[in-house]
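Accompanying notes for the structure given below.
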Amino acid sequence: MTSEAETAFTVNGTTVRLGLDPRESLLDVLRERLGLTGAKKGCDHGQCGACTVHLDGRRVVSCLMPAVQANGRSVTTIEGVSGPGGELHPLQQAFVDHDALQCGYCTPGQVMSGLACIAEGHAGDDDEIREYMSGNLCRCGAYTGILAAVRAAATQWEG
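Each residue of the sequence shown is one higher than the last, beginning at 0 in numbering that gives the first Met the number 0.
Quick look at the structure:
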């Protein structure tokens, strides 16, 4: 029998305290315990990027990360990206403006990776963006729009 580990971490600016089974993934805790369903369970093997969130400002695939490893740390999900009044983040707006989504299933993970791509300085040119975003798959093939959205947001932030 597995014992629970008392865990406290911040999610989108709010501290949460939970008793966690050490085997629970961060994705499952976010979705099933905290009701934050923006991060999607695509492959559950860390291969598609649909579950991408930020941990202390760096992107992680939350399906592979044990939730107990978030103890004392800060998690940002797609739900924490919009502005205080609910307005879209500039990258989210760029996704709309550049038709960077079709079915939308991968979009939260794509946005979270795009934010990290720009913040970490990997949006210098299209090849660099493609390489950095290559861990996020889109079954609909909206890659042209995704690239354009990340490029536009990066240019806006630089200017």
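Even glycine gets a Cβ: it sits at the ideal position worked out from N, Cα and C. Since the model is a prediction, treat every value here as computed from it, not as a measurement.
* **According to DSSP, residues forming a beta bridge with H53** => For H53, which the question treats as bridged, DSSP gives the partners R58, T75.
* Asked: Between L17 and the rest of its own chain, which residues show a CB-CB distance below 6 Å, the 5 nearest in sequence each way excluded?
  -> Taking L17 as the centre and dropping the five residues before and after it, the same chain places the C-beta of T6 closer than 6 Å to its C-beta, in chain order.
* Three-state secondary structure (DSSP) at A66? -> Three-state result, A66: helix.
* Can you tell me the Cα-Cα spacing of T154 and A4, whole angstroms? -> One alpha carbon belongs to T154, the other to A4, and they sit about 44 Å apart.
* To do: Output the distance between the C-alpha atoms of Q91 and G140, rounded to the nearest integer angstrom.
  => In this structure, the straight-line span from the alpha carbon of Q91 to that of G140 is close to 18 Å.
* To do: Pick helix, strand or coil for V15, following the three-state DSSP scheme.
  => Secondary structure at V15: strand, using DSSP grouped into helix, strand and coil.
* With DSSP run on the structure shown, which of helix, strand or coil describes A4? -> Annotated three-state conformation of A4 is strand, per DSSP.
* Would you kindly report the start and end of the unbroken alpha helix (DSSP H) that includes V95? => Its alpha helix (DSSP H) spans residues 89 to 96.
* Other residues of its chain near V60: CB distance less than 7 Å, five sequence neighbours each side excluded -> Cβ neighbours of V60 within its own chain (closer than 7 Å, five residues either side excluded): G45, G48, C50, T51.
* To do: Thinking H97 and A38 are a contact (beta carbons under 8 Å), I'd like their distance in whole angstroms, please.
  => Incorrect: roughly 22 Å between the Cβ atoms, too far for contact.
* Asked: When the Cα atoms are used, what is the spatial distance from G113 to D27?
  -> When the Cα atoms are used, G113 and D27 turn out to be separated by approximately 23 Å.
* Asked: Whose C-beta lies closer than 6 Å to the C-beta of N135 among residues of the same chain, with five residues either side of it excluded?
  -> Same-chain partners within the cutoff: G48, G108, Q109, S112.
* Segment limits, alpha helix (DSSP H) that includes L35 -> Careful: L35 lies outside any alpha helix (DSSP H) and carries neither H nor E.
* Asked: Closest to S24 by CA distance: which of V10, Q68, S2, G41 is it?
  -> From the listed residues V10, Q68, S2, G41, the smallest Cα separation to S24 is found for Q68.
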